[in-house]
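What follows is one structure encoded as structure tokens, with my remarks underneath.
Residue numbers (our numbering): 33 to 318.
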């Protein structure tokens, strides 16, 4: 099987392939050595003793972790729905023909997109004296909604200009152009970026433990700081981290799957054509 060169690089020759193989072997050896060193430190500090791992066998600990995971998913679901709604409203404002509405939306987006999420969460929780869950959801909604507003606006502008011009030429109003022409086409381009931003929102739910919201990380903190179990900090990290990583990877995989589907041209579809038959009389003929 012959490998052809591309427009970006030439096919590596025998010497380059040997160097690439050597680089790969060296990198693999370094990574294995690093993993071995980390495992040695874990065993040397008695991180795998039964005293540190026994808490996870208790039903109360398992219920605490499951309750924390459920609270994390609850906060993520609320923040996701509200962020999408806020982003759509702000994007409409930024695309408006009314200057005051457009400037107000721009100011709102730029302000909350620049504000740290933790500062907004603490402000709502401490200054406004809101309960932990609404405070967490509010902070996540304001930040992610502002970012998604830019995603929506960019997606609409990414549609070919001629699409909107053709719709206006047919006598459609701007609302109709946005609803029936621009937004349906922009959704395809926006989906991967939207899902990627939802991954950020999922990870930021862990900030809830700072305001005593009983989410997944807060449950792990309670277990890790328990002296009765010999402070099982590392075991808690080894249990909680894969679950967080798994949820984020699931959303990232979904974004990759959507992006892969969008690379296919939706116009390149097979169309059934009727077989040619005998021609009829020409237009105007008898």
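Just so you know, even glycine gets a beta-carbon here, dropped at the ideal spot from N, CA and C.
If we count the other Cβ atoms within 10 Å of its Cβ and call it buried at 16 or more, is residue 250 buried or exposed?
-> Looking at its Cβ environment, which holds 16 or more other Cβ atoms inside 10 Å, residue 250 is buried.
Could you spell out where the alpha helix (DSSP H) holding residue 58 opens and where it closes?
-> Where residue 58 is concerned, the enclosing alpha helix (DSSP H) stretches over 46-76.
I think residue 172 touches residue 149, with their Cβ atoms under 8 Å apart; what is that distance to the nearest whole Å?
-> Rounded, the Cβ-Cβ distance is 7 Å, consistent with contact.
Hey, residue 220 and residue 178: beta-carbon distance below 8 Å or not?
-> The answer is no: Cβ separation not under 8 Å.
DSSP on residue 205, reduced to helix/strand/coil?
-> In the structure shown, residue 205 adopts coil according to DSSP, grouped into three states.
Can you give the Cα-Cα distance for residue 31 and residue 94, rounded to whole angstroms?
-> Summary: the structure shown does not reach residue 31, with the chain confined to residues 33 through 318, and so no result is reported for it.
Cβ of residue 237 within 8 Å of Cβ of residue 247?
-> Taking 8 Å as the cut-off, the Cβ atoms of residue 237 and residue 247 count as close.
Is it a yes or a no for the segment 229-243 touching the segment 273-281, going by three-plus beta-carbon pairs under 8 Å?
-> Proximity of the segment 229-243 to the segment 273-281 meets the contact definition, three or more beta-carbon pairs being nearer than 8 Å.
In the DSSP assignment, find the alpha helix (DSSP H) that holds residue 240 and state where it starts and stops.
-> It is not in any alpha helix (DSSP H) - residue 240 carries neither H nor E in the DSSP assignment.
To the nearest angstrom, how far is it from the Cα of residue 223 to the Cα of residue 285?
-> For the pair residue 223 and residue 285, the Cα-to-Cα distance works out to about 13 Å.
Exposure of residue 33, with buried meaning 16 or more beta-carbon neighbours within 10 Å = Note that residue 33 scores a pLDDT of 44, beneath 50, so its modelled location is shaky; the value from the coordinates is reported in the next line. Residue 33 is exposed by the Cβ-count criterion.
Where residue 134 and residue 218 are concerned, what is the direct C-alpha to C-alpha distance, given to the nearest angstrom?
-> C-alpha of residue 134 to C-alpha of residue 218: approximately 20 Å in a straight line.
Given a threshold of 16 other Cβ atoms within 10 Å of its Cβ, counted over all protein chains shown, does residue 108 qualify as buried or as exposed?
-> Of the other Cβ atoms in all chains shown, 16 or more fall within 10 Å of the Cβ of residue 108; this residue is therefore buried.
Could you tell me whether the segment 66-77 touches the segment 200-208, where touching means 3 or more Cβ pairs closer than 8 Å?
-> Flag = no, the segment 66-77 and the segment 200-208 do not touch.
On the three-state DSSP scale, how would you describe residue 43?
-> Reduced to three states, the DSSP call for residue 43 is coil.
Do the segment 252-266 and the segment 94-104 meet, that is, are 3 or more Cβ pairs less than 8 Å apart?
-> Contact annotation: the segment 252-266 touches the segment 94-104, with at least three C-beta pairs closer than 8 Å.
Report yes if the C-beta distance between residue 126 and residue 137 is below 8 Å; otherwise report no.
-> Contact: yes.
So what's residue 130 in DSSP terms, helix, strand or just coil?
-> Residue 130: coil per DSSP, three-state reduction.
Enumerate in chain order the residues of its own chain whose CB-to-CB distance from residue 103 is below 6 Å, with the five nearest sequence positions on each side excluded.
-> Answer for residue 103: 246 and 247, listed in chain order.
Measuring CA to CA, which of 266, 290, 274 and 289 is closest to residue 76?
-> Nearest of 266, 290, 274 and 289 to residue 76, Cα basis: 266.
Cβ neighbour criterion (16 or more within 10 Å) applied to residue 39 = Legend: pLDDT at residue 39 = 48, less than 50; position of this residue unreliable, value from coordinates given subsequently. It is exposed - the Cβ of residue 39 has fewer than 16 other Cβ atoms within 10 Å.
Where does residue 214 fall in DSSP's three states?
-> Here DSSP, grouped into helix, strand and coil, assigns residue 214 to helix.
If I'm right that residue 184 touches residue 123 with Cβ under 8 Å, what's the distance once you round it to whole angstroms?
-> Between residue 123 and residue 184 the Cβ distance is about 4 Å, and since that is below 8 Å, they are a contact.
With DSSP as the reference, label residue 35 as helix, strand or coil.
-> Caution applies to residue 35, whose pLDDT of 48 falls short of 50 and renders its modelled position unreliable; the value that the coordinates give is listed next. Under the three-state reduction of DSSP output, residue 35 falls in the coil class, being neither helix nor strand.
Assuming residue 264 and residue 84 make a contact with CB atoms under 8 Å, what is their CB distance in whole Å?
-> So it is a contact: roughly 4 Å between Cβ atoms.
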